[in-house]
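According to this note's numbering, the stretch in the sequence shown is residues 282 to 389, in order. The C-beta atom is built at its ideal place from N, Cα and C for all residues, glycine as well.
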Amino acid sequence: MIYEMRIYRCVPGRLPALLKRFETVTLKLWEKHGIKQAGFFTTLIGESNQELTYFLAWDSLADREAKWGKFMTDPDWMKARAESEADGQIVGNIVSQILTPTAFSSVK
């Protein structure tokens, strides 16, 4: 199992729109494509309170490539994303890292 950590740095004031999109659209589409989330977090104390950090669990890099590619080209996703950004851009920057657990990690 590998994990992907993604940090979405929102345009100021747009975090509520991003959270709504995940809650009402994105998670349902991930389920459709077999994408497994491993946790979502907002920043309580840190550099910015306009960030969403989440983790995805993948069986392998090939698993990620196949499932993420299908999700990103899903017409329902493209439509929902465009509709959610009708009032303006939501995410200013995305940071993504692929992580592998250490031998002593409580998460495997």
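The alpha-carbon separation between Trp311 and Gly327 amounts to approximately 28 Å. Contact annotation: the stretch 363-377 does not touch the stretch 342-353, with fewer than three C-beta pairs closer than 8 Å.
With fewer than three CB-CB distances shorter than 8 Å, the stretch 359-368 does not count as touching the stretch 317-331.
Straight through space, the alpha carbons of Ala338 and Phe352 are spaced by roughly 15 Å. For Cys291, the closest C-alpha among the options Ala384, Ala347, Thr323 and Thr383 is that of Thr323. In the three-state reduction of the DSSP assignment, Val292 falls in the coil class. If you draw a straight line from the Cα of Thr307 to the Cα of Ser377, it is about 17 Å long.
Sequence-distant partners of Glu346 (beyond 5 residues in either direction) whose C-beta falls short of 6 Å from its own C-beta are missing from its chain.
Straight across, the Cα-Cα distance linking Pro297 with Ala363 is about 16 Å. Distances from the CA of Pro382 to each of Phe336, Glu304, Lys313 and His314 were compared; the closest alpha carbon is that of Phe336.
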